[in-house]
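Before any comments, here is the structure.
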Amino acid sequence: MLLQLKNIKKYFPIAGGFLKAPTRFVKAVNDINLDILAGENISLVGESGCGKTTLARLVMLLMPLDSGSIIFDGQDITKFSPRELRNYRKNVQLVFQDPYSSLDPRFTIRRVMKEAMTLDVKNYKSESDKEARIEELLRAVGLKAEMLNRYPHEFSGGERQRIAIARSLVLNPKLLILDEAVSSLDVIIQEQIIQLLKKLQQDFGLTYLFISHNLKVVRKISHKIAVMYRGKIVELAKTDELFKNPLHPYTKELLSAAINYKSILRDKDIDVSKRTELIEKIPGHFVLIN
Amino acid sequence: MLKYIFKRVAIMIPMLLGIALLTFMLMRLSPGNYLDTIRLDPQISKETIAYYERLFQLDKPLIYQYVHWVLNLLRGEFGYSFYYNVPVVQIISWRLFNTFILAFASFLMTWLIAIPLGIWAAVNRNRKTDQAIQFFSYVFLSWPSFFVAMILLFWASQTGILPLGGMHSPNYENLNLWQQFVDLVKHLAIPTIALSIGSIAALQKIMRGNMLEALGQKYILTARAKGLPENKVIYRHALRNAINPLITLLGYEFSGLLSGAALIEIICSWPGLGSLMLTAVRSKDIYLVMASMMMGGILFIVGNLLADIFLAKADPRIRYDKR
């Protein structure tokens, strides 16, 4: 087991009422359990606002958890000191949705890549080590070495996303979280990046947590899919199984919208209240029911 | 880049001539000239006044006077001061130097205090320290600098810790180099603080705002996510991206160095360009005014040019040359 999320919660207060005391909460991540095995591709799907990105940031501990624990390689990272946390972040890297704003505009690509290397003194002793690794990574994502002295604004969206991926691999992470990493790209580049990710997984033995709202993309890349709705995982199954046999009403709705472009009109709201829990209906296929 | 700088310097010349023309017209078209004050004196004969009128060429048409001045400028002559009866350059140069000392001291103090303060406030946003800084910024922003200067002067007169004005003590000539420096710093203290305190408050606010904007960017999250220590995130990524508007501001500050200090110079009787210009304008000492204006104009243009150059150096997205 590489990563284990245990009952994690994150509520955002909505200010209001007397003296801006929080009266209600957005339950962005509400009691989520998820296990990720090494070498596994797991995808998190769901509509915008369902808490996918919050979950990704919680895994990196870029914001504090409200409750629950995150076990990585047998250690509870929520109890880490700041120094240990930085070490942990080297093992887990995040690729953001928007390749236009996630690269510092003042840094050349070479500097972007090298900066992360300074955090790993063991593997990158000399300048030539660094240069060799940078070139290797750039080749791996299909970019040319002469692009290294350019600044982010001189690249197209697809190229930037490749840079962001190459950058995230600098520290040899075990887990790569791709937060809508291909969503802002057009379909052809999307396809290229997906192929690239598959290849990188073989070459570097990565584990992916792939976050997307796009089921077509998810189907191509993931082994398992977790469907998220209003801060909860409502269904979790192997990719084929989920597409063949969706059990939860929200999953059905999502699939019909994504595959057939048909939206189902809800006759009643989907219940994700406290009384519901994730149950293994068919071996390996979990669903949230009352 | 060199081509661009050359172009900007070339544009300077017509701009400066324009500034000079405007100043000249303003001075000459307003009623009266330097000799009018002398005319009031019954002891001076009409012949003498006519002689001076010819000497200063005040009897010639305006456009002739202006062209004559420009031609002299090409030979490196800024003209004579009517009032002091010496070449303008002589008076201006040491006054300019004094103003520069004061302006530079206040500039250093402002930037050295405001920038770290702004960064600190941004990093500790909405905590008690930040709130305190913002509160005092409002207080100091709403105090006019001359008022601060007066309060400080009053305080100095009561305690006697700092001198009440001027630039040097009477026994300045007898001091050794180190003592002279200390003496100068003591005289500098009040005008510098009066000049800086409002600017610190303003600049701090600008720095804080820019820093907050930069800290909210995605690449800051990226930097944190890749495991960089927080101080590197702040100083390497956030600060570099927050600095752009401040560089532009630096250009304006540079040009404001001379004019901004005038009021304080007069209050603290600092022998700078500001008080000189005031007397020059009032006594219609036209060439002295024009030379001072030229200095201000040059500083303004050079300051903006420097700011643009720094901006291009600091931000790779800004290019002036089309490649």
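Which chain is which? The protein sequence lines are A and B, in order.
For the first sequence, my numbering assigns the number 22 to the initial residue and increments by one for each residue that follows.
For the second sequence, my numbering assigns the number 32 to the initial residue and increments by one for each residue that follows.
We treat Cβ as the ideally placed atom computed from N, Cα and C, and that holds for glycine.
Requested in this report: Could you tell me whether any non-hydrogen atom of the ligand NAD is closer than 6 Å to the CB of K217/B?
Outcome: Absence of the ligand NAD from the depicted structure is noted, as is the absence of any ligand whatsoever, leaving it without description.
Requested in this report: With a floor of 3 residues, list each beta strand (DSSP E) that falls wholly inside the stretch 188-247 of chain A, ordered by position along the chain.
Outcome: Listed in chain order, they are 196-200, 228-233.
Report task. Using alpha carbons as the reference points, say which of E204/B, L281/B, S61/B lies closest to F341/B. Result -> What you label residue 341/B is simply residue 310 of the second sequence in a count that begins at 1. The residue with the shortest Cα to Cα distance from F341/B is L281/B.
Query raised in the report: For the candidate residues D94/A, G95/A, S123/A, L58/A, whose alpha-carbon lies nearest to that of H268/B?
Result: The residue labelled residue 268/B in the question sits at position 237 within the second sequence. Checked all of D94/A, G95/A, S123/A, L58/A; the closest Cα to H268/B is S123/A.
Query raised in the report: Does DSSP put F101/A in a helix, a strand or coil?
Result: On the first sequence, residue 101/A is found 80 positions in, with the first residue counted as 1. Of the three classes helix, strand and coil, the one that applies to F101/A here is coil, per DSSP.
Report task. May I have the straight-line CA-CA distance separating I146/B from I198/A, to the nearest angstrom? Result -> For the purposes of this step, residue 146/B is taken as the residue at position 115 of the second sequence. For the purposes of this step, residue 198/A is taken as the residue at position 177 of the first sequence. A straight line joining the alpha-carbon of I146/B with that of I198/A spans about 36 Å.
Requested in this report: Consider the Cβ of H218/B: report whether some Cβ of chain A lies at a distance smaller than 7 Å.
Outcome: The sequence position of residue 218/B within the second sequence is 187, counting from 1. Taking CB atoms only, H218/B has no neighbour in chain A less than 7 Å away.
Query raised in the report: What residues of chain A sit near P260/B, judged by a beta carbon separation below 8 Å?
Result: Here residue 260/B refers to the residue found at position 229 when the second sequence is read from its first residue. At a beta-carbon threshold of 8 Å, the residues of chain A lying near P260/B are R107, ordered along the chain.
**Report entry** Helix, strand or coil at K51/A according to DSSP, with G and I counted as helix
**Finding:** Residue 51/A sits at position 30 when you count from the first residue of the first sequence. It should be noted that the sequence gives Asn, not Lys, for residue 51/A. Residue state, collapsed to three classes: strand.
Query raised in the report: Cα separation between V238/A and W142/B?
Result: Mapped onto the first sequence, residue 238/A falls at position 217. Mapped onto the second sequence, residue 142/B falls at position 111. Roughly 52 Å separates the two Cα atoms.
Requested in this report: Rounded to whole angstroms, what's the CA-CA distance from T129/A to D141/A? Just pull it up for me.
Outcome: Here residue 129/A refers to the residue found at position 108 when the first sequence is read from its first residue. Here residue 141/A refers to the residue found at position 120 when the first sequence is read from its first residue. Distance between the alpha carbons of T129/A and D141/A: 20 Å.
Report task. Would you verify that the beta carbon of P347/B is, or is not, closer than 7 Å to some beta carbon of chain A? Result -> For the purposes of this step, residue 347/B is taken as the residue at position 316 of the second sequence. Closer than 7 Å: yes.
Query - Beta carbon of V50/A nearer than 7 Å to that of K30/A - result: Residue mapping note: residue 50/A aligns to position 29 of the first sequence, counting from 1. Residue mapping note: residue 30/A aligns to position 9 of the first sequence, counting from 1. Contact: yes.
Query raised in the report: What are the boundary residues of the alpha helix (DSSP H) that L79/A is part of?
Result: The sequence position of residue 79/A within the first sequence is 58, counting from 1. Its alpha helix (DSSP H) spans residues 73-80.
Query - Proximal chain B residues relative to A137/A, where beta-carbon distance stays under 7 Å - result: In the first sequence, counting from the first residue as 1, residue 137/A sits at position 116. Result: K257.
Report task. Take I53/A as the anchor and find which of M22/A, D87/A, I35/A has the nearest alpha-carbon. Result -> Along the first sequence, one-based indexing puts residue 53/A at 32. The shortest Cα separation from I53/A among M22/A, D87/A, I35/A belongs to D87/A.
Requested in this report: Could you have a look at I35/A and say whether DSSP puts it in helix, strand or coil?
Outcome: Numbered from 1 along the first sequence, position 14 holds the residue referred to as residue 35/A. Three-state DSSP puts I35/A in a strand.
Query raised in the report: From S205/A to Y169/B, what distance separates their C-alpha atoms?
Result: Here the question's residue 205/A lines up with position 184 in the first sequence. Here the question's residue 169/B lines up with position 138 in the second sequence. For S205/A and Y169/B, the gap between their C-alpha atoms comes out near 43 Å.
Query raised in the report: For D200/A, is the classification buried or exposed, using 16 other Cβ atoms within 10 angstroms of its Cβ as the cut-off for buried?
Result: For this step, residue 200/A is matched to residue 179 along the first sequence. For D200/A, the number of other beta carbons within 10 angstroms of its own is at least 16, and it is reported as buried.
Query raised in the report: Going along chain A in order, which residues have a C-beta closer than 7 Å to the C-beta of Q248/B?
Result: Translated into positions along the second sequence, residue 248/B becomes position 217. Near Q248/B (Cβ distances below 7 Å), the residues of chain A are S122.
Query raised in the report: If you draw a straight line from the alpha carbon of K263/B to that of M324/B, how long is it in whole angstroms?
Result: For the purposes of this step, residue 263/B is identified with residue 232 of the second sequence, where counting begins at 1. For the purposes of this step, residue 324/B is identified with residue 293 of the second sequence, where counting begins at 1. Rounded to whole angstroms, K263/B to M324/B spans 45 Å at the Cα level.
Query - Chain-ordered residues of the stretch 265-289 of chain B with a beta carbon less than 7 Å from chain A - result: When CB distances to chain A are screened at a threshold of 7 Å, the residues of the stretch 265-289 of chain B falling below it are H268, R271, N272, in chain order.
Query - Pairwise C-alpha distance: F225/A and A279/A - result: Numbered from 1 along the first sequence, position 258 holds the residue referred to as residue 279/A. Numbered from 1 along the first sequence, position 204 holds the residue referred to as residue 225/A. If you take the alpha carbons of A279/A and F225/A, they lie about 32 Å apart.
Query raised in the report: Hey, does K111/A have any beta-carbon neighbour from chain B nearer than 7 Å?
Result: Here residue 111/A refers to the residue found at position 90 when the first sequence is read from its first residue. At least one chain B Cβ lies under 7 Å of K111/A.
Report task. Anything in chain B within Cβ reach of L115/A, meaning under 7 Å, just list it in chain order. Result -> Working through the first sequence from its first residue, we reach residue 115/A at position 94. Residues of chain B passing the Cβ test: A256.
**Report entry** Partner residues on chain B for P126/A, Cβ-Cβ distance less than 8 Å
**Finding:** Indexing the first sequence from 1 puts residue 126/A at position 105. Within chain B, the residues near P126/A are Y250, N272, D346, P347, R348.
Query raised in the report: Going by Cα to Cα distance, which pick from I182/B, K217/B, R126/B, V333/B is closest to T283/B?
Result: By 1-based counting over the second sequence, the position of residue 283/B is 252. The amino acid occupying residue 283/B in the given sequence is Tyr; Thr does not appear at that position. Residue nearest to Y283/B within the set I182/B, K217/B, R126/B, V333/B is V333/B (criterion: CA-CA distance).
Report task. In the DSSP assignment, find the alpha helix (DSSP H) that holds G328/B and state where it starts and stops. Result -> In the second sequence, residue 328/B corresponds to position 297, counting from 1. For G328/B, the enclosing alpha helix (DSSP H) begins and ends at 317-345.
Query raised in the report: So which residues on chain B does D119/A lean against when the C-beta distance must stay under 8 Å?
Result: As a first step, residue 119/A is located in the first sequence; it is residue number 98 there, counting from the start. Going along chain B in sequence order, the residues near D119/A (Cβ under 8 Å) are K249.
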